[in-house]
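S.K.: Residues in the sequence shown are numbered from 1472 upward in steps of one, following my numbering. Every residue gets a Cβ at the ideal spot worked out from N, C-alpha and C, and that includes glycine.
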Amino acid sequence: MRAVCLILQWALLRSFLGPYCAPDAEPARPSKRVCVVGAGTAGLAALKALLDLPEDVRDGWQIDVFEQRHDVGGLWLPQPDPPSPPGLPDTPMYPSLRTNLAHPTMTFPQFVYPPMTPLYPSHSAVQAYHDHFARHYDLRRYISFSHTVLNATYEAESAWRLDIQTSHAVPVTLHYDHLIVASGHNHCPHIPALNGKNSWLSGGPGEREILHSIWFREPSAYRNQTVIVAGNGDSGRDIAMQVSKVAKNVYHSYDHNTLDPVFSPPVPQAIYKPRISHLTSSSIVFTDNSTLETSGPTTILLATGYEYIVPFLPTLSMSSSINYSTTSLSTNTRYIRPLYRHVLALDPVLPTNALAFIGLPMWVATAPSDYTQGLFAAHAIANGSMLLSRETMLSELEARERALEDTGMDPFFIGHRLTGKMRLSTTKMDS
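This is the structure we're talking about:
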């Protein structure tokens, strides 16, 4: 009887483990074990790039993708009822959002958007595109949904050890030779310190609120309120425009020297204000010493961007003092160093093709960029000998950083923004 029970328990566990559990009782060890974390744009691009390797190259490989949500799409997959703070939503997507990029810049190679798609589509059209892409190339059979990677630790003897919470709440531990982090960078909101915050909030109990834009969903929630939108990135401008249709007054707060008529048009219905300096019990004080007295319902919406943090990756340490001598994998929340071409981790404890990041660069054509990075990672995994030496790649990284510094920009603040000739503010309040 005990033997029967053990067999049933084993069968039940196997049924929980999804596509990464082979049907054979004693499967041969794969020639390479590759894990991708995330099934948004970056994760799908990485998976497709791996599968686009010649079949004889990836013969015998085990490729698994773990996605903590119930479907593909990443941030494009909506979450209409996000948790209240401090619980973090899975996505910052709000119902009225339309893309600020023309869809050809969000197109995977050789897989165009459907005919008659608006040039700047709704988020639901972008999500449908990701779903179609995954189905067309039969990518879902590699993906385990509702699977959360809790911890990924590199162990020299067995490479990567991943602790995973499955869809049935069954914890499992799996091992891989190569790890691709494609989990996005719009999950951990950057919330700047506001001096006087507690005094201001207590000065109008029940009528004052400070929220990051990750929790923004419907402009109607701010009807007849005074709203201060802090930050002049894409979300800051769009939210200011959305809220200005229903709010009593909207103030758009950001450094004026970041205003660029090509990339950052002002919001006509909003009143411009510089950055917030501090708060008092009854007012908001800006860096030009102007004051906004707050009476009645008032909300400060922080459209101040996100931090480059990977909670499941202890190899990536937090450090506020990243510099040219930083060789262990570190993040100052804006920049992960050292990475070769924003992709391969050059930490000395890791083989140079053991850990790749896909989707870190900003101000790029997202899907083509992600697929290109995926191809680079895939070929590096297939043949690590193609790579330059670690020292040469570190030298190239430093040369790129110093070239940015020579133009007057701080490479450790700019991070993964591919600036080209675009002007960049180094103001930490702005997204």
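Pick out the complete beta strand (DSSP E) segments inside the segment 1781-1835, 3 residues or longer, and give them in chain order.
M.R.: For the segment 1781-1835, whole beta strand (DSSP E) runs of length 3 or above, ordered along the chain, are 1826-1828.
S.K.: Since tryptophan 1547 contacts histidine 1607 with CB under 8 Å, what's their CB separation in whole angstroms?
M.R.: No, tryptophan 1547 and histidine 1607 are not in contact; Cβ-Cβ is about 17 Å, not under 8 Å.
S.K.: With distances taken from CA atoms, which of Leu1633, Thr1804, Thr1786 is nearest proline 1819?
M.R.: It is Thr1786 whose Cα lies nearest to the Cα of proline 1819.
S.K.: Return the chain-ordered list of same chain residues with a C-beta closer than 7 Å to the C-beta of leucine 1590, the five sequence neighbours on each side being excluded.
M.R.: Only Ala1573, His1574 meet the Cβ criterion.
S.K.: Evaluate valine 1641 with the Cβ neighbour count: other Cβ atoms within 10 Å of its Cβ, from every protein chain shown; 16 or more gives buried, anything less gives exposed.
M.R.: Exposed, by the Cβ-count rule.
S.K.: Use the C-beta contact count for threonine 1697: other C-beta atoms within 10 angstroms, 16 or more gives buried, fewer gives exposed.
M.R.: Burial call: buried.
S.K.: Hey, could you find the ends of the beta strand (DSSP E) tryptophan 1671 is sitting in?
M.R.: Element bounds for tryptophan 1671: not the beta strand (DSSP E) but the alpha helix (DSSP H), 1668-1673.
S.K.: Excluding sequence positions up to five away, which residues of its chain have a Cβ less than 8 Å from the Cβ of proline 1882?
M.R.: Within the same chain, proline 1882 has close Cβ partners Tyr1806, Arg1871, Glu1872, Arg1873, Leu1875, Glu1876.
S.K.: Taking C-alpha atoms, which residue in Ala1848, Asn1794, Ile1685 lies nearest to proline 1563?
M.R.: Minimum Cα distance to proline 1563 is reached at Ile1685.
S.K.: List the whole-angstrom C-beta distance separating arginine 1688 from tyrosine 1565, where the pair is believed to meet the contact cut-off of C-beta under 8 Å.
M.R.: With a Cβ gap of about 5 Å, arginine 1688 and tyrosine 1565 count as contacting.
S.K.: Exposed or buried, which one is alanine 1838 when buried takes at least 16 other CB atoms within 10 Å?
M.R.: Buried, by the Cβ-count rule.
S.K.: Using only the alpha-carbon positions, how far apart do arginine 1611 and proline 1739 sit?
M.R.: Each residue's Cα considered, the two are about 44 Å apart.
S.K.: Ends of the alpha helix (DSSP H) at threonine 1770?
M.R.: No alpha helix (DSSP H) contains threonine 1770, which is instead part of the beta strand (DSSP E) from 1769-1773.
S.K.: Verify whether the separation of the beta carbon atoms of lysine 1658 and asparagine 1824 is less than 9 Å.
M.R.: It is worth fixing the name first, because residue 1658 is histidine in this sequence and not lysine. No. Outside cutoff.
S.K.: Name the two residues that bound the continuous alpha helix (DSSP H) containing alanine 1517.
M.R.: Segment 1512-1522, the alpha helix (DSSP H) holding alanine 1517.
S.K.: Quick check for students: name the residue ranges of the alpha helix (DSSP H) that lie wholly in the segment 1584-1651, counting only runs of 4 or more.
M.R.: As far as the segment 1584-1651 is concerned, its whole alpha helix (DSSP H) runs of at least 4 residues are 1594-1607.
S.K.: Classify histidine 1850 as helix, strand or coil using the three-state DSSP reduction.
M.R.: DSSP places histidine 1850 in helix when its eight states are reduced to three.
S.K.: Let me know if histidine 1594 comes out buried or exposed under the rule of 16 or more other beta-carbons within 10 Å of its beta-carbon.
M.R.: Per the 10 Å Cβ criterion, buried.
S.K.: Does isoleucine 1662 come out as helix, strand or coil in the three-state DSSP assignment?
M.R.: In the structure shown, isoleucine 1662 sits in coil (DSSP, three-state: anything other than H, G, I, E or B).
S.K.: Could you compute how far the alpha carbon of threonine 1765 sits from the alpha carbon of phenylalanine 1783?
M.R.: For threonine 1765 and phenylalanine 1783, the distance between alpha carbons rounds to 41 Å.
S.K.: Cutting at 6 Å between CB atoms, please list the residues of its own chain near leucine 1800, excluding the five before and the five after it.
M.R.: Around leucine 1800: Thr1786, Leu1787, Ala1816, Asp1818.
S.K.: Can you tell me whether aspartate 1841 is helix, strand or coil according to DSSP?
M.R.: Three-state DSSP puts aspartate 1841 in a helix.
S.K.: Can you grab the Cα-Cα spacing for the pair glutamate 1869 / glutamate 1680, in whole Å?
M.R.: About 43 Å.
S.K.: Any contact of the segment 1541-1555 with the segment 1624-1632, i.e. 3+ C-beta pairs under 8 Å?
M.R.: Verdict: no, contact absent.
S.K.: If you measure from the beta carbon of arginine 1861 to each beta carbon in chain D, is any gap under 9 Å?
M.R.: The chain inventory of the structure shown lacks chain D, comprising one protein chain alone.
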